[in-house]
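Student: Below is a structure I'd like to ask you about.
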Amino acid sequence: MKKGLIPVLVILGILVLFLFGVIAWGVGHYNNFISFQAGVEEGWSQVEVQYERRADLVPQLVATVQGVADFESSTLEEVTTARTNWLNTMVDETASREDQMEASTSFDSALSRLLVSVESYPTLTATDSFQTLLAQLEGTENRIAVARKDYNAVVTTYNVAIKKVPQALIANLFGFENSLYFESEEGSEQAPEVQFDFE
């Protein structure tokens with residue numbers, strides 16, 4: 017072997033090892049991003065499951081409330097419409113995650129207004145069937161809150177991972193984008209105002 021060939025082979029070997037290391041590093045981070053994305057999707061599906069549970073309870077709640085003859089129908093219609101819009105958005109394959117979140121917060125608001133309205137009807141709130149439904153609904157609301165919190169936690173992990181340098185290079189190269197957080201509707205920290213139309 018010629019003396020000049022050995023340094024060239026050593027440099028070439030080092031370059032090959034370096035290139036292999038960079039590729040392995042990139043593949044590792046790509047796989048992590050895929051895992052994080054799967055976590056985000058799984059977290060969102062848990063939010064959907066809890067909303068579906070609530071959507072299943074709403075018709076029973078509306079039927080129970082309708083038993084009170086003077087209960088305002090506009091509130092019941094609002095809840096029913098919000099539930100229908102939510103269900104339609106969830107099955108619409110073209111609906112974005114943002115559309116789904118918006119439908120969910122509208123559903124939240126309508127149901128909240130119904131529950132505030134119901135407090136003015138002591139004969140309704142005293143019934144066993146209403147109390148049972150209310151307990152199930154409260155449990156579901158807690159599950160929704162936990163599912164939202166868990167979803168936002170995995171979104172945070174994913175979003176931070178794709179923004180860190182140098183992993184951001186891989187994320188940008190393969191088109192990984194930020195996921196949306198599930199945020200409360202603006203003004204939701206305030207109790208809803210309910211207007212009663214007794215005529």
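Just so we're aligned, residue 17 is where the sequence shown starts under the working numbering, counting upward by one. Even for Gly, the Cβ is constructed at its ideal location relative to N, Cα and C.
Determine the direct distance from the alpha carbon of residue 28 to that of residue 15, and round the result to whole angstroms.
Tutor: One cannot answer for residue 15 here, as it falls past the ends of the chain, which runs 17 to 215.
Student: Just the C-alpha distance for residue 68 and residue 37, rounded to the nearest angstrom, thanks.
Tutor: Numbered from 1 along the sequence shown, position 52 holds the residue referred to as residue 68. Numbered from 1 along the sequence shown, position 21 holds the residue referred to as residue 37. Going by the C-alpha atoms only, they are around 46 Å apart.
Student: For residue 105, which residues in the same chain have their Cβ closer than 7 Å to its Cβ, ignoring the five residues on either side in sequence?
Tutor: On the sequence shown, residue 105 is found 89 positions in, with the first residue counted as 1. Taken in chain order, the residues that qualify are 111, 115, 116, 119.
Student: Under three-state DSSP, which class holds residue 94?
Tutor: By one-based count along the sequence shown, residue 94 stands at place 78. Residue 94: helix per DSSP, three-state reduction.
Student: In angstroms with no decimal places, state the Cα-to-Cα distance between residue 39 and residue 176.
Tutor: Counting from one through the sequence shown, the residue named residue 39 turns up at place 23. Counting from one through the sequence shown, the residue named residue 176 turns up at place 160. Their backbone Cα atoms lie some 22 Å apart in a straight line.
Student: Measuring CA to CA, which of 61, 99, 132 is closest to residue 162?
Tutor: Taking the sequence shown and counting its residues from 1, one reaches residue 162 at position 146. The shortest C-alpha separation from residue 162 is found at 61.
Student: Hey, residue 126 and residue 94: beta-carbon distance below 8 Å or not?
Tutor: As a first step, residue 126 must be located in the sequence shown, where it is residue number 110. As a first step, residue 94 must be located in the sequence shown, where it is residue number 78. Yes, Cβ-Cβ distance for residue 126 and residue 94 is below 8 Å.
Student: Hey, how far is the Cα of residue 97 from the Cα of residue 182?
Tutor: If you number the sequence shown from 1, residue 97 lands on position 81. If you number the sequence shown from 1, residue 182 lands on position 166. Those two C-alpha atoms are separated by around 47 Å.
Student: Which residues bound the alpha helix (DSSP H) around residue 29?
Tutor: For the purposes of this step, residue 29 is taken as residue 13 along the sequence shown, with counting starting at 1. First-last of the alpha helix (DSSP H) with residue 29: 21-82.
Student: If you reduce the DSSP assignment to three classes, tell me which class residue 165 lands in.
Tutor: Stepping through the sequence shown from its first residue, residue 165 is reached at position 149. The answer is helix: DSSP assigns residue 165 an H, G or I state.
Student: In chain order, which beta strand (DSSP E) runs of at least 3 residues are fully inside the region 129-178?
Tutor: Correct list: empty.
Student: Excluding the five sequence neighbours on either side, which residues of its own chain have a C-beta within less than 7 Å of the C-beta of residue 101, listed in chain order?
Tutor: The sequence position of residue 101 within the sequence shown is 85, counting from 1. So the list reads 119, 122, once near-sequence residues are dropped.
Student: Near residue 192, which residues of its chain fall below 7 Å by C-beta distance, leaving aside the five closest residues on each side in sequence?
Tutor: The sequence position of residue 192 within the sequence shown is 176, counting from 1. The residues are 49, 178.
Student: Which residue comes first and which comes last in the alpha helix (DSSP H) that contains residue 188?
Tutor: Indexing the sequence shown from 1 puts residue 188 at position 172. Run containing residue 188: 183-189, per the alpha helix (DSSP H) assignment.
Student: What residue from 107, 45, 194, 99 has the CA that sits closest to residue 128's CA?
Tutor: Residue mapping note: residue 128 aligns to position 112 of the sequence shown, counting from 1. Of 107, 45, 194, 99, the residue nearest in Cα terms is 99.
Student: Out of curiosity, what's the CA-to-CA distance linking residue 209 and residue 187?
Tutor: Walking along the sequence shown from the start, residue 209 turns up at place 193. Walking along the sequence shown from the start, residue 187 turns up at place 171. The predicted model places residue 209 with a pLDDT of 49, which falls under 50 and marks its position as unreliable, so this point remains unresolved.
Student: Which of the three DSSP states, helix, strand or coil, is assigned to residue 125?
Tutor: As a first step, residue 125 must be located in the sequence shown, where it is residue number 109. Helix, per DSSP.
Student: Would you kindly work out how many angstroms separate the C-alpha atoms of residue 198 and residue 113, rounded to a whole number?
Tutor: In the sequence shown, residue 198 corresponds to position 182, counting from 1. In the sequence shown, residue 113 corresponds to position 97, counting from 1. Rounded to the nearest angstrom, the two C-alpha atoms are 9 Å apart.
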